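S.K.: Be aware that the sequence shown starts at 1, since it is given in full-length UniProt numbering, and climbs by one per residue.
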Amino acid sequence: MPDALRHITLRQIQIFLAAAEHSSFARAAQLLHLTQPAVSMQMSQLADVVGSALFERQGRKIVLTQAGQTLVPYAERVAQTLREAGDALDALQGLRHGKLRIAVVATTRYFAPRLLAMFRQEHPQIELEVNILGREGVIAQLESNHADLAIMGRPPANLPVVAEVFARHPHGVIAPPDHPLAGKKRLAPGRIADEPFIAREHGSGTRAAMDQYFAEHALDPPIAQEMPSNESIKQAVMGGMGLAFISLHTVNLEHRTGHLVLLDLRGLPVMRDWYVLHRATRQLSPAAQAFKQFMHAQAPKYMKTLLPK
Numbered sequence: 001m002p003d004a005l006r007h008i009t010l011r012q013i014q015i016f017l018a019a020a021e022h023s024s025f026a027r028a029a030q031l032l033h034l035t036q037p038a039v040s041m042q043m044s045q046l047a048d049v050v051g052s053a054l055f056e057r058q059g060r061k062i063v064l065t066q067a068g069q070t071l072v073p074y075a076e077r078v079a080q081t082l083r084e085a086g087d088a089l090d091a092l093q094g095l096r097h098g099k100l101r102i103a104v105v106a107t108t109r110y111f112a113p114r115l116l117a118m119f120r121q122e123h124p125q126i127e128l129e130v131n132i133l134g135r136e137g138v139i140a141q142l143e144s145n146h147a148d149l150a151i152m153g154r155p156p157a158n159l160p161v162v163a164e165v166f167a168r169h170p171h172g173v174i175a176p177p178d179h180p181l182a183g184k185k186r187l188a189p190g191r192i193a194d195e196p197f198i199a200r201e202h203g204s205g206t207r208a209a210m211d212q213y214f215a216e217h218a219l220d221p222p223i224a225q226e227m228p229s230n231e232s233i234k235q236a237v238m239g240g241m242g243l244a245f246i247s248l249h250t251v252n253l254e255h256r257t258g259h260l261v262l263l264d265l266r267g268l269p270v271m272r273d274w275y276v277l278h279r280a281t282r283q284l285s286p287a288a289q290a291f292k293q294f295m296h297a298q299a300p301k302y303m304k305t306l307l308p309k
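1. Out of A208, I192, T281, which one is the CA nearest neighbour of D220?
2. Using a C-beta cutoff of 9 Å, does M303 count as contacting chain C?
3. Please state whether DSSP places A193 in a helix, a strand or coil.
4. Have a look at P228, A244, A88, L115 and flag the residue whose alpha-carbon is nearest the alpha-carbon of R135.
5. Taking 9 Å as the threshold (C-beta atoms), are A182 and A188 in contact?
6. Work out the CA separation of M303 and A79 for me, nearest whole Å.
7. Compare the beta carbon distance of V162 and A280 with 9 Å and say whether it is the shorter of the two.
8. Going by C-alpha to C-alpha distance, which of H33, M241, A290 sits closest to Q225?
9. Taking buried to mean at least 16 other C-beta atoms within 10 Å of its own C-beta, is I223 buried or exposed?
10. Closest to H123 by C-alpha separation, out of A290, Q298, L263, H296, would be which residue?
11. Does the distance from the C-beta atom of R207 to that of W274 stay below 9 Å?
12. I139 by DSSP, collapsed to three states: which one?
13. Would V276 and I151 qualify as a contact pair, given that the criterion is a beta-carbon distance under 9 Å?
14. Report the partner residues of V270 according to the DSSP bridge assignment.
15. Could you name the residues of the same chain whose beta carbon sits closer than 6 Å to that of V138, not counting the 5 residues immediately before and after it, in chain order?
16. So L306 packs on Y110, CB below 8 Å; how close in whole Å?
17. Mapping the DSSP letters down to three states, classify L265 as helix, strand or coil.
18. Which runs of the alpha helix (DSSP H), 4 residues or longer, sit entirely within the segment 16–77?
19. Rank G98, P180, P300, A26 by C-alpha distance to the C-alpha of L262 and give the top, closest one.
20. What are the boundary residues of the beta strand (DSSP E) that includes L149?
21. Short of 7 Å in beta carbon distance, which residues of its chain neighbour L128, apart from the five on each side in sequence? Order them along the chain.
22. Report back the beta-carbon spacing between A287 and G98 to the nearest angstrom; my notes put them in contact at under 8 Å.
23. Check for me: the beta strand (DSSP E) holding G98 runs from which residue to which?
24. Tell me which residue opens and which closes the alpha helix (DSSP H) that E254 is part of.
25. Report yes if the CB atom of Q42 is closer than 9 Å to the CB atom of R77, and no otherwise.
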């Protein structure tokens with residue numbers, strides 16, 4: 001078998017990974033500008049080399065066989081090595097082009113699109129692929145090398161990364177404007193001890209910041225409901241379902257229009273950080289380095305414009 005695998009071509013690896021990701025020979029053909037018969041023939045030849053079928057049909061889609069699942073991480077490693085080789089050669093020439101894959105946590109939807117548009121204006125030759133995911137999804141993208149860079153509020157604990165702060169990230173407690181505590185100054189944290197809270201799910205950075213604030217002030221308010229979306233939480237608070245501990249980068253519009261207020265509690269806002277990060281073992285391309293430089297130069301002042309006044 002080792003000798004047989006030497007006959008695998010890079011094109012076959014590329015087609016195999018595209019078909020595996022999209023569960024479709026037709027989609028792989030479309031992405032790689034090939035005909036579907038050409039894709040099917042290449043995968044048939046690859047299966048002959050491997051000595052086992054790599055895909056099987058399930059209805060209208062194809063799924064990986066056990067042999068296919070076994071091959072995926074090795075094929076990804078080959079593709080990633082070639083990509084890094086290209087990045088290294090570009091770096092020697094100071095080139096900033098190609099494709100940059102960025103994974104961002106869902107909370108960044110309030111600022112990331114604008115920053116990405118600004119970066120694209122400065123570097124139109126760089127193609128951006130952006131995935132907005134939950135925290136665990138972003139970590140999975142980093143771990144599988146599907147993301148060159150990530151933007152998140154709390155670096156993963158179990159994955160070696162290089163994480164750099166590009167902006168502060170304040171959190172506070174929001175309430176509907178007719179709440180009895182609205183407008184009162186320098187409230188003791190104990191004033192919210194019995195208030196129901198609409199909370200983010202366990203595992204999110206916002207939930208971790210909330211739990212830390214509650215622990216520091218010996219608070220245990222009732223959790224009325226957990227929600228995975230800041231938009232849902234804001235709507236619930238406006239509807240009078242409870243208070244919420246939330247990123248202040250997400251509430252500027254509702255605060256400005258008077259639909260939500262910030263409670264003036266001692267110890268708030270809780271200050272966290274926003275990070276741009278990558279795997280510690282990853283050699284950054286010139287495009288990725290350009291994006292990091294852009295974030296450090298442009299993001300802090302833009303982020304300040306998002307805060308409620």
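Heads up, the beta-carbon is just placed ideally off N, CA and C, and yes, glycines get one too. Owing to the predicted nature of the structure, the values given are computational and were not obtained by experimental measurement.
M.R.: This is what the structure holds:
1. Against the sequence shown, residue 220 aligns to sequence position 220. The shortest C-alpha separation from D220 is found at I192.
2. Annotation note: the requested chain C is absent from the structure, which comprises a single protein chain.
3. Within the sequence shown, numbered from 1, the residue matching residue 193 stands at position 193. The answer is coil: DSSP assigns A193 none of H, G, I, E or B.
4. Numbered from its first residue, the sequence shown carries residue 135 at position 135. For the residues P228, A244, A88, L115, the minimum Cα distance to R135 belongs to P228.
5. The residue you call residue 188 lines up with position 188 of the sequence shown. The residue you call residue 182 lines up with position 182 of the sequence shown. Not closer than 9 Å, so no.
6. Within the sequence shown, numbered from 1, the residue matching residue 79 stands at position 79. Within the sequence shown, numbered from 1, the residue matching residue 303 stands at position 303. Their Cα atoms are separated by approximately 36 Å.
7. The residue you call residue 162 lines up with position 162 of the sequence shown. The residue you call residue 280 lines up with position 280 of the sequence shown. Their beta carbons are under 9 Å apart, which means V162 touches A280 by this criterion.
8. Looking up residue 225 in the sequence shown gives position 225. Here the closest residue by C-alpha is M241.
9. If you number the sequence shown from 1, residue 223 lands on position 223. Flag for I223 reads exposed.
10. Translated into the one-based positions of the sequence shown, residue 123 becomes position 123. Closest by alpha carbon: A290.
11. Translated into positions along the sequence shown, residue 207 becomes position 207. Translated into positions along the sequence shown, residue 274 becomes position 274. No, these two residues do not count as a Cβ contact at 9 Å.
12. Working through the sequence shown from its first residue, we reach residue 139 at position 139. Correct three-state label for I139: helix.
13. The count along the sequence shown starts at 1 and reaches residue 276 at position 276. The count along the sequence shown starts at 1 and reaches residue 151 at position 151. The answer is yes: Cβ separation under 9 Å.
14. Stepping through the sequence shown from its first residue, residue 270 is reached at position 270. Partner(s): H171.
15. As a first step, residue 138 is located in the sequence shown; it is residue number 138 there, counting from the start. Hits under 6 Å: A103, V105, A150, M152.
16. For the purposes of this step, residue 306 is taken as residue 306 along the sequence shown, with counting starting at 1. For the purposes of this step, residue 110 is taken as residue 110 along the sequence shown, with counting starting at 1. Yes, L306 and Y110 are in contact; Cβ-Cβ is about 7 Å, under 8 Å.
17. By one-based count along the sequence shown, residue 265 stands at place 265. Residue state, collapsed to three classes: strand.
18. 25–32, 36–50
19. Within the sequence shown, the letter at position 262 stands for residue 262. Residue P180 is the option with its Cα nearest to L262.
20. Counting from one through the sequence shown, the residue named residue 149 turns up at place 149. Per DSSP, L149 belongs to the beta strand (DSSP E) from 149–152.
21. Within the sequence shown, numbered from 1, the residue matching residue 128 stands at position 128. L100, I102, L116, R120, listed in sequence order.
22. Position 287 of the sequence shown, counting from 1, holds the residue named residue 287. Position 98 of the sequence shown, counting from 1, holds the residue named residue 98. About 6 Å separates the two Cβ atoms, so the contact holds.
23. Start at 1 with the first residue of the sequence shown, and residue 98 comes out as number 98. 98–105 is the extent of the beta strand (DSSP E) around G98.
24. To locate residue 254, count along the sequence shown from 1; it is residue 254. Residues 252–256.
25. One-based indexing of the sequence shown puts residue 42 at position 42. One-based indexing of the sequence shown puts residue 77 at position 77. No.
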